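First comes the structure, then the notes that go with it.
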Amino acid sequence: MNEVTRMAVEDREPLLNPVDRVSEMIFGLFMALTFVGVVSMATADSGEIRAMLAAALGCNLAWGLVDAVMYLVRTITERGRLLTLARSVRTAQDAEAGRKLIEGSLSTAVARLVSTTEVEAMRTRLVALPSLPERPSLRSNDLLAALGVFLIVVASTFPVALPFVIFEDAGAALLVSRIIAIMMLFLGGLALGRYAGYGSWKTGVLMAGLGVLLVAAVIALGG
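In the numbering used here, the protein residues as written are 9 to 231.
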């Protein structure tokens with residue numbers, strides 16, 4: 009693997025960290041809840057319920073695919089940006105110009121923590137690279153990550169849809185489905201809180217509260 013490519017992989021935060029996994033799960037869950045709210049309006053006709061569940065699954069399949077493709081687009085775009093930065097630093101008029109390019113690429117929070125000496129070390133490392141790739145590229149790990157995005161969005165459909173398969177009474181199925189959705193939101197918030205290192209239970213409750221508000225909105229809109 010080319011050195012600058014390896015640096016791009018290391019410097020770019022992976023999409024599938026806990027925050028991203030939970031976000032994709034919640035996105036798919038909200039999409040499914042949109043259709044579950046419509047199921048409550050259905051009659052006891054199992055055909056109507058199956059049609060709604062098929063629509064929910066189809067929607068998440070489509071959006072899972074869109075999310076996966078956009079992940080790949082974002083990945084190769086970010087690598088292209090890093091490659092362009094590396095080339096600009098290597099061809100900068102002088103060391104000061106190269107350092108300014110690197111400093112300008114850093115986030116505000118990171119820039120406050122990095123000294124001029126550290127920025128110069130980055131510049132020196134880039135200049136010392138033997139060569140740069142002609143263009144950014146995708147690798148097998150990127151495709152696996154995109155597949156992970158797709159599966160997370162699609163899989164989030166099933167927990168809230170399964171009660172309609174198990175229970176014959178649509179009202180009971182809807183109640184169980186909403187309880188499961190709130191539990192999933194709570195667990196998602198719990199994971200986010202633990203990852204951030206503060207108030208995991210509070211974050212879980214806040215996320216569950218967001219779910220309650222969403223369910224209330226669905227009901228108010230005729231769900």
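All C-beta atoms in this analysis are idealised placements derived from N, C-alpha and C, irrespective of residue type, glycine included.
Source: prediction; values computed, not measured.
Per-residue DSSP class, three states only, for residue i
| i | result |
| --- | --- |
| Thr-124 | helix |
| Gly-201 | helix |
| Pro-26 | helix |
| Thr-99 | coil |
| Ser-113 | helix |
| Leu-229 | coil |
| Arg-167 | In the sequence under discussion, the amino acid at residue 167 is Pro, which differs from the Arg named in the question. Helix at Pro-167. |
| Glu-176 | coil |
| Arg-147 | coil |
| Leu-137 | coil |
Buried or exposed by the 16-neighbour rule on C-beta atoms within 10 Å, applied to residue i
| i | result |
| --- | --- |
| Ser-115 | exposed |
| Pro-171 | buried |
| Ala-178 | buried |
Whole-number beta carbon distance between residue j and residue i, since they are thought to touch under 8 Å
| i | j | result |
| --- | --- | --- |
| Ala-63 | Phe-43 | 6 Å |
Beta-carbon proximity list for residue i, same chain, < 7 Å, skipping 5 on both sides
| i | result |
| --- | --- |
| Met-39 | Cys-67, Asn-68 and Trp-71 |
| Ile-110 | Val-97, Val-127, Met-130 and Arg-131 |
| Val-27 | Leu-200 and Tyr-203 |
| Ser-113 | Leu-93 |
| Val-161 | Glu-32, Phe-35, Gly-36, Asn-68, Trp-71, Gly-72 and Asp-75 |
| Ala-100 | Gly-106 and Leu-109 |
| Phe-2 | Residue 2 cannot be examined here, being either before or after the span of the chain that is shown, 9 to 231. |
Contact set for residue i: own chain, Cβ-Cβ below 8 Å, skip 5 residues either direction
| i | result |
| --- | --- |
| Thr-124 | Arg-107 |
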